[in-house]
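Trainee: Everything in the first sequence is counted per the numbering used here, starting at 399 for the first residue and increasing by one.
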Amino acid sequence: MLGMPRLPRSFFARPTLTVARELLGQRLVRLAGRRLSGLIIETEAYIGQTDLACHARFGRTPRTEVLFGAPGHAYVYFTYGMHWMLNVVTEPAGFPAAVLIRAIVPVEGEVVMRARRRAGAASAGRRPVPPARLTDGPAKLAQALGIDGSLNGHDLCARGARLFVERAPPMADQLVEVGPRIGLNNTPEPWKSVAWNFRTHIIEGA
DNA sequence: CGCCAGATCCACT
DNA sequence: GTGGATCTGGCGG
Numbered sequence: 399m400l401g402m403p404r405l406p407r408s409f410f411a412r413p414t415l416t417v418a419r420e421l422l423g424q425r426l427v428r429l430a431g432r433r434l435s436g437l438i439i440e441t442e443a444y445i446g447q448t449d450l451a452c453h454a455r456f457g458r459t460p461r462t463e464v465l466f467g468a469p470g471h472a473y474v475y476f477t478y479g480m481h482w483m484l485n486v487v488t489e490p491a492g493f494p495a496a497v498l499i500r501a502i503v504p505v506e507g508e509v510v511m512r513a514r515r516r517a518g519a520a521s522a523g524r525r526p527v528p529p530a531r532l533t534d535g536p537a538k539l540a541q542a543l544g545i546d547g548s549l550n551g552h553d554l555c556a557r558g559a560r561l562f563v564e565r566a567p568p569m570a571d572q573l574v575e576v577g578p579r580i581g582l583n584n585t586p587e588p589w590k591s592v593a594w595n596f597r598t599h600i601i602e603g604a
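Written out as structure tokens, the structure reads:
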């Protein structure tokens, strides 16, 4: 459990679609008080200034500085007035691209994740939430893992990192579904429909 | 289960 | 001023 190697910077320095695909099945780890982790089951690629859904489409700005930086760093941004999104910067420095982590399945620290989710969401009388449902959206997993703007620019490959990805068995092609990215309602074609979303629903059963 | 409205604030043309 | 890489609760089938 604790001995698995972390994904090195060379993993993230590759083409974004490759990184997005290969992140499936890998273990996202967050050290926050205790160790929290989950297997990545959905990712999405945002690639360069020509991708009109990518935040870097307007070029270098204070917000996109991290995207233009070195691979293996977290790009965390705030949206919809209340949600944080976790991305991992890809490709060599100078080329703005990243992979959005859209969903994980809790492995360690489910109790803590549940508590963090409850703290942020209004909870009246409701049925128990299945583990996989705690982190099945980008804003939900960020909240469950305690990820916010303070982690923007965090180096996932640095010694002492409090957020990183550990190596796990690769996911077979037959378990991977490829489709269009989610939530790009106002993005022009072809960017709105390109199949840059990668996911699996196999792990959710466990 | 699907559809819809509302929440709430930041970055940008 | 506008719209967003979202989530939730409420309502209808």
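The C-beta atom is built at its ideal place from N, Cα and C for all residues, glycine as well.
Is it true that the region 442-457 meets the region 423-433, where meeting means three or more beta-carbon pairs spaced less than 8 Å apart?
Mentor: no
Trainee: Please identify the residue among N485, A496 and V497 whose C-alpha is closest to the C-alpha of L549.
Mentor: Taking only the C-alpha atoms, the option nearest L549 is N485.
Trainee: Take K538 and list the residues in its own chain whose beta-carbon comes closer than 6 Å to its own, dropping the five residues that flank it on each side.
Mentor: There are no such residues.
Trainee: Going by DSSP, name the residue or residues bridged to H481.
Mentor: T477
Trainee: Opposite I438 in the DSSP bridges: which residues?
Mentor: I502
Trainee: Is the beta carbon of V576 sitting closer than 8 Å to the one on A593?
Mentor: yes
Trainee: Tell me whether Y478 is buried or exposed, calling it buried when 16 or more other Cβ atoms sit within 10 Å of its Cβ.
Mentor: exposed
Trainee: By the DSSP assignment, the beta strand (DSSP E) with E587 in it spans what residues?
Mentor: E587 -> no beta strand (DSSP E), and no H or E assigned at all.
Trainee: Between which residues of its own chain and T598 is the CB-CB distance below 7 Å, once the five residues before and five after are set aside?
Mentor: For T598, where only same-chain residues beyond five positions count, the Cβ hits under 7 Å are L422, I439, M569, L573, V574 and E575.
Trainee: Quick check: the Cα distance between R425 and A566, rounded to an integer number of angstroms?
Mentor: 6 Å
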